[in-house]
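All remarks here apply to the structure that follows.
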Amino acid sequence: MKRITLYFLLLFTQTIFAQFDNSTVQYYIGEGTETAYFIVDFNDGSETPSYVWGFRFNEEDGLTAADLFYQIGEADPNLTIDAGDFLNDISYNQHDTSLQEYDYWSTWNGDTFETMAMNGSGLSGVLLEDTRWYGASYGWMFIFPEPTPPSFPVPAVAPETLSNPNNKKIEFKVYPNPTSDYLNIQTEEEILEVTIFNLQGKQILKSNIERVDVSNLTSGIYLIEIKTNSGKAFRKFIKK
Numbered sequence: 001m002k003r004i005t006l007y008f009l010l011l012f013t014q015t016i017f018a019q020f021d022n023s024t025v026q027y028y029i030g031e032g033t034e035t036a037y038f039i040v041d042f043n044d045g046s047e048t049p050s051y052v053w054g055f056r057f058n059e060e061d062g063l064t065a066a067d068l069f070y071q072i073g074e075a076d077p078n079l080t081i082d083a084g085d086f087l088n089d090i091s092y093n094q095h096d097t098s099l100q101e102y103d104y105w106s107t108w109n110g111d112t113f114e115t116m117a118m119n120g121s122g123l124s125g126v127l128l129e130d131t132r133w134y135g136a137s138y139g140w141m142f143i144f145p146e147p148t149p150p151s152f153p154v155p156a157v158a159p160e161t162l163s164n165p166n167n168k169k170i171e172f173k174v175y176p177n178p179t180s181d182y183l184n185i186q187t188e189e190e191i192l193e194v195t196i197f198n199l200q201g202k203q204i205l206k207s208n209i210e211r212v213d214v215s216n217l218t219s220g221i222y223l224i225e226i227k228t229n230s231g232k233a234f235r236k237f238i239k240k
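Residues 1 to 240, numbered by full-length UniProt numbering, are exactly what the sequence shown covers, in order.
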């Protein structure tokens, strides 16, 4: 009875909120003439469990919800998404569902935040459309007996290092990812400096070569910063 009461309270609370103002979204990822919105609700009882990002794209690219999840997870160093066609885990700052054992994510989309409905197919079967909302809500099975739509979000904020307009875009790849020993950097530019940070922003390692020994790092998620004559850029990697 307690879970059912909480479920209906959540639905009622959402209905009394004013319509979400899309202009309040602060952190946009991607490039293009179309805009979609991405929302994640951790339903973890915290003061701010739900967040929203903006995503820019071109309709002719034929991107799907799976692409949106992947690209936003890759671009935001504070966000990690473990998903294929099925969504496994998401972590963002202090929120981390990989620490839970029983519940599931449900995925949603709709013309507006207020009209989102649960996906009837996998993430790769949902094409992105201009101004449409896509998202995920945690807690199906244990927290809530039925899937619940994401609750009213707060805007996700771009990390300061990534929002710096002086940082130019650098094309590079890191592999293998995850890795247990060496991380290789592939780029057409000369590497001036390589720096590895943990997710708290602490510098862990510095180098200037294309093959970095990370075998002494503890298992976890890290940021690698690459500096060239064009500027600098970041990627996330996982140390096994």
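Virtual Cβ for every residue (Gly too), placed ideally from N, Cα, C.
Report task. With a threshold of 16 other CB atoms inside 10 Å of the CB of residue 109, please say whether the residue is buried or exposed. Result -> Residue 109 sits at position 109 when you count from the first residue of the sequence shown. By the 10 Å Cβ count, residue 109 comes out buried.
Requested in this report: Would you decide whether residue 217 is buried or exposed? Buried here means 16 or more other CB atoms lie within 10 Å of its CB.
Outcome: Residue numbering aside, residue 217 sits at position 217 when the sequence shown is read from its first letter. The residue is buried, with at least 16 neighbouring Cβ atoms inside 10 Å.
Report task. Could you give the DSSP three-state label for residue 20: helix, strand or coil? Result -> The residue labelled residue 20 in the question sits at position 20 within the sequence shown. Residue state, collapsed to three classes: coil.
Query raised in the report: Are the beta-carbon atoms belonging to residue 197 and residue 138 less than 9 Å from one another?
Result: The residue you call residue 197 lines up with position 197 of the sequence shown. The residue you call residue 138 lines up with position 138 of the sequence shown. Contact flag unset, no.
**Report entry** Contact test: residue 95 Cβ vs the ligand COA heavy atom, cutoff 8 Å
**Finding:** With respect to the ligand COA, the structure shown offers nothing to examine, as it has no ligands at all.
Query raised in the report: Counting Cβ pairs, one atom from each stretch, are 3 or more of them under 8 Å apart for the stretch 145 to 156 and the stretch 25 to 35?
Result: Contact between the stretch 145 to 156 and the stretch 25 to 35 is present: three or more C-beta pairs spanning the two stretches fall below 8 Å.
Requested in this report: Would you kindly report the start and end of the unbroken beta strand (DSSP E) that includes residue 234?
Outcome: On the sequence shown, residue 234 is found 234 positions in, with the first residue counted as 1. Segment 231 to 239, the beta strand (DSSP E) holding residue 234.
Query - Neighbour-count burial assignment, residue 49, 16 or more Cβ in a 10 Å radius - result: For the purposes of this step, residue 49 is taken as the residue at position 49 of the sequence shown. Buried, because 16 or more other Cβ atoms sit within 10 Å of the Cβ of residue 49.
Query raised in the report: Where does residue 42 fall in DSSP's three states?
Result: Locating residue 42 in the sequence shown gives position 42, where the first residue counts as 1. In this structure, residue 42 counts as coil in the three-state DSSP scheme.
Query - Identity of the residue in 58, 20 and 38 nearest residue 324 by Cα - result: Given a span of 1 to 240 for the chain in the structure shown, any question on residue 324 remains unanswerable.
Query - Exposure of residue 229, with buried meaning 16 or more beta-carbon neighbours within 10 Å - result: The residue labelled residue 229 in the question sits at position 229 within the sequence shown. By the neighbour-count rule (16 or more Cβ atoms within 10 Å), residue 229 is not buried but exposed.
**Report entry** In chain order, each beta strand (DSSP E) run of at least 3 residues that lies wholly inside the stretch 175 to 212
**Finding:** 182 to 186, 193 to 198 and 203 to 207
Requested in this report: Check whether the stretch 66 to 73 touches the stretch 212 to 226, taking contact to mean three or more Cβ pairs, one atom from each stretch, closer than 8 Å.
Outcome: no
**Report entry** Neighbourhood of residue 238 by C-beta, 7 Å cutoff - its chain only, sequence neighbours within 5 removed
**Finding:** Taking the first residue of the sequence shown as position 1, residue 238 is located at position 238. Excluding residues within five positions, the ones whose Cβ falls inside 7 Å are 177, 178 and 221.
Requested in this report: Quick one: give me the first and last residue of the beta strand (DSSP E) that residue 138 is part of.
Outcome: The residue you call residue 138 lines up with position 138 of the sequence shown. Residue 138 -> beta strand (DSSP E) spans 133 to 140.
Query raised in the report: Can you tell me whether DSSP reads residue 161 as helix, strand or coil?
Result: In the sequence shown, counting from the first residue as 1, residue 161 sits at position 161. Its pLDDT being 44, under 50, residue 161 is placed unreliably by the model, and the measurement read from it follows with that caveat. In this structure, residue 161 counts as helix in the three-state DSSP scheme.
Query raised in the report: Roughly how many whole angstroms lie between the Cα atoms of residue 62 and residue 128?
Result: Start at 1 with the first residue of the sequence shown, and residue 62 comes out as number 62. Start at 1 with the first residue of the sequence shown, and residue 128 comes out as number 128. Approximately 7 Å, taken between the alpha carbons.
Query raised in the report: In whole angstroms, what separates the C-alpha of residue 132 from that of residue 215?
Result: Indexing the sequence shown from 1 puts residue 132 at position 132. Indexing the sequence shown from 1 puts residue 215 at position 215. Spanning the two alpha carbons is a distance of roughly 43 Å.
Requested in this report: For residue 118, collect the residues of the same chain with a Cβ closer than 8 Å to its Cβ; drop the 5 residues on either side in sequence, then sort them by chain order.
Outcome: One-based indexing of the sequence shown puts residue 118 at position 118. If you ignore the 5 residues before and after residue 118, its C-beta comes within less than 8 Å of the C-beta of 106, 107, 108, 147 and 149, all in its own chain and listed in chain order.
Query raised in the report: CB-CB under 6 Å to residue 206, same chain, minus the five flanking residues each way: which ones, in chain order?
Result: By one-based count along the sequence shown, residue 206 stands at place 206. Same-chain partners within the cutoff: 195.
Requested in this report: From the DSSP output, in three-state form, read off residue 64 for me.
Outcome: One-based indexing of the sequence shown puts residue 64 at position 64. DSSP places residue 64 in strand when its eight states are reduced to three.
Query raised in the report: Tell me which same chain residues have a C-beta within less than 7 Å of the C-beta of residue 79, skipping the five on either side of it?
Result: If you number the sequence shown from 1, residue 79 lands on position 79. Excluding sequence neighbours, residue 79 sits near 72, 73 and 92.
**Report entry** Cβ neighbour criterion (16 or more within 10 Å) applied to residue 236
**Finding:** Looking up residue 236 in the sequence shown gives position 236. Under this definition residue 236 is a buried residue.
Query raised in the report: Quick one: is residue 76 buried, meaning 16 or more other Cβ sit within 10 Å of its Cβ, or exposed?
Result: One-based indexing of the sequence shown puts residue 76 at position 76. With 16 or more other CB atoms across the displayed protein chains lying within 10 angstroms of its CB, residue 76 is buried.
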